[in-house]
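Written below as structure tokens is the structure these notes are about.
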Amino acid sequence: MLEHGGRRRAAARRYAIPEADWLDLSTGISPHAYPVPAIAAEDWLRLPEDDDGLLDAAAAYYGTARLVALAGSQPAIQGLPFLLPRGRVGVLAPTYAEHPHHWQRAGHDVIRFAAAALPAVADTLDTLVICQPNNPDAGCIAPAVLIDVAERLQARGGHLVVDEAFIDATPDASVITLAGARLPNLVVLRSLGKFFGLAGARVGFVAARPDLLAALREAAGPWPLCGPARTVARRALADTAWQDVMRRTLAEASARLARLLAPLDPEDMRRVHPLFVWLPTPAAESIAAALARQGILVRHFAAPDCQGLRFGLPGTENDWQRLDAAIRALSSPAARKDSGGTA
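The opening position of the sequence shown corresponds to residue 16 in this note's numbering, with each subsequent residue numbered one higher.
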């Protein structure tokens, strides 16, 4: 399996620091999780039922009823490559590694392209896969551009797959309401893992045309979501007051994080998403290692087209102070001298 963030236990073993002593900023998951209500005993005792109001809450939140609920977006990431016609697939790069991996596994011819090449490459593809906003570099493509690309693909029988796992903090950039309706070739993936901080609940949705929804639902089998997860998701999706407060909270926190990281970014290259800050730097490996020696875990990307660090948000004031102290230590003259100027 591919490596992902959140490998705190492995870091604890490698650096001989107890797991409980780590500050994990490696995942991009909100540290302010939706407050989980008390779970009724019957949610544990009974098999879940589809008519419990979850899809109604999701339809109200996403603005479309053309949805299927899955155990996170991963089943769709793995299943869609087998449901769409085999062909030439373009994946915006750099991006979430699960996407190209599974399209290749399904036998598609996969190419990677930079955002600037999107208008030109779109007419050469059968399927286009885009993360919106992108992970890890926080890039975001204007919805009008995505709509234009989808229409061009549709004219040739092609498909556009948009993974909106990180879009809940900036919902105006979403194209989910068009999936399966005005744009029958558009497939949109959503998840409650990031913005809602409910990654452990494994709840996701796909918006698409009816035949694809039916195929995904059939592949998922009975009871793809457990009863407690459905209860929590239903309440989180309906709690608009909490969502409004959280969007403001995350915007303020990410701006604070960007300021805190300024000493590591003399060329002002960092990019800010409400849930993380992307810091492209050739010194990514040495910075990640130096932070790890202080018990702070960040996500290091080492691919030639994606050298940098993704910093998630600290959750408590103590976490903020700890990261601030670590950054100050890394950017001190002594630290720069010891690391050869790369820290």
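Yeah, the Cβ is synthetic: ideal placement off N, Cα and C, and Gly gets one too.
Values in this document were obtained by computation on a predicted structure and should not be read as measured data.
Per-residue DSSP class, three states only, for residue i
| i | result |
| --- | --- |
| Ser41 | coil |
| Phe181 | coil |
| Gly219 | strand |
| Leu276 | coil |
| Ala194 | strand |
| Ala340 | helix |
| Arg22 | coil |
| Ser346 | coil |
| Thr357 | Bear in mind that the predicted position of Thr357 carries a pLDDT of just 49, short of 50, making it unreliable; the figure below should be weighed with that in mind. Coil at Thr357, not helix or strand. |
| Leu133 | helix |
| Trp293 | strand |
| Ile126 | strand |
| Arg314 | strand |
| Arg61 | coil |
| Ser269 | helix |
| Arg171 | coil |
| Ile145 | strand |
| Gln309 | coil |
| Val51 | coil |
| Phe211 | coil |
| Gly154 | coil |
Contact set for residue i: own chain, Cβ-Cβ below 7 Å, skip 5 residues either direction
| i | result |
| --- | --- |
| Ala244 | Ala216, Arg217, Val218 |
| Ser346 | Pro278, Leu279 |
| Leu276 | Arg285, Val292, Leu294, Phe326, Ile342 |
| Leu227 | Leu98, Val202 |
| Arg23 | Glu34, Trp37, Asp39, Leu312 |
| Val125 | Val104, Val106, Pro115, Trp118, Gln119 |
| Ala303 | Val313, His315, Leu324 |
Distance CB(residue i)-CB(residue j) smaller than 7 Å
| i | j | result |
| --- | --- | --- |
| Ile191 | Ala222 | yes |
| Val83 | Leu252 | no |
| Leu285 | Leu272 | A small correction: the amino acid at residue 285 is Arg; Leu does not occupy that position in the sequence shown. Against a cut-off of 7 Å, the Cβ pair of Leu272 and Arg285 comes out as no contact. |
| Ala137 | Val160 | no |
| Leu62 | Trp257 | no |
| Ala214 | Ile92 | no |
| Pro96 | His116 | no |
| Ala80 | Ala74 | yes |
| Pro361 | Asp283 | Nothing can be reported for residue 361: it is not among the residues displayed for the chain, which extend from 16 to 358. |
| Gly94 | Ala318 | no |
Own chain, CB closer than 8 Å to residue i, minus 5 neighbours either side, in chain order
| i | result |
| --- | --- |
| Pro33 | Ala27 |
| Asp259 | none |
| Thr255 | none |
Of the listed residues the options, nearest to residue i (C-alpha basis)
| i | options | result |
| --- | --- | --- |
| His47 | Arg343, Glu332, Ala344 | Glu332 |
| Ala86 | Gly208, Ala130, Gly173, Cys155 | Gly208 |
| Ala340 | Asp320, Ala318, Ala305 | Ala305 |
| Ile54 | Pro319, Asp254, Ala248 | Ala248 |
| Pro225 | Trp238, Gly195, Gly212 | Gly195 |
| Arg308 | Ile342, Leu69, Pro297 | Ile342 |
| Ala299 | Ala131, Glu282, Gln322, Asp280 | Gln322 |
| Pro151 | Glu166, Tyr111, Asp254 | Tyr111 |
| Ser269 | Trp335, Thr246, Gly242, Glu282 | Trp335 |
| Ala432 | Ile302, Phe220, Glu113, Ile156 | The requested residue 432 does not occur in the structure, where the chain is confined to residues 16 to 358. |
| Ala266 | Cys241, Glu64, Ala184 | Ala184 |
| Met261 | Pro50, Arg22, Ala344 | Pro50 |
| Glu166 | Arg197, Gly68, Gly154 | Arg197 |
| Gly172 | Thr139, Pro158, Pro186 | Thr139 |
| Leu240 | Gln89, Pro158, Ala25, Arg274 | Gln89 |
| Pro158 | Ala188, Ala56, Thr264, Ala229 | Ala188 |
| Pro52 | Pro281, Arg250, Thr264 | Arg250 |
| Leu69 | Ala25, Ala303, Phe220 | Phe220 |
Contacts around residue i, its chain only, beta-carbon distance under 6 Å, and the 5 residues preceding and following it disregarded
| i | result |
| --- | --- |
| Gln169 | Asn200 |
| Asp58 | Gly242, Pro243, Thr246 |
| Gly355 | Unreliable positioning characterises Gly355 in this predicted model, as indicated by a pLDDT of 46, which lies under 50. A coordinate reading is not provided. |
| Gly78 | Thr192 |
| Gly154 | Ala130 |
| Glu64 | none |
Near the ligand ADP: residue i beta-carbon under 6 Å from a heavy atom
| i | result |
| --- | --- |
| Leu231 | This structure lacks the ligand ADP; in fact it carries no ligand of any kind. |
Three-pair Cβ contact test at 8 Å for the stretch 94 to 102 versus the stretch 114 to 125: yes
Does the stretch 289 to 301 touch the stretch 309 to 327, meaning 3 or more C-beta pairs lie closer than 8 Å? yes
Decide if the stretch 165 to 177 is in contact with the stretch 197 to 209; the criterion is three or more beta carbon pairs, one per stretch, under 8 Å apart. yes
Check whether the stretch 141 to 158 and the stretch 103 to 115 are in contact - that is, three or more C-beta pairs closer than 8 Å. yes
When the Cβ atoms of the stretch 306 to 314 are set against those of the stretch 33 to 47, are three or more pairs found closer than 8 Å? yes
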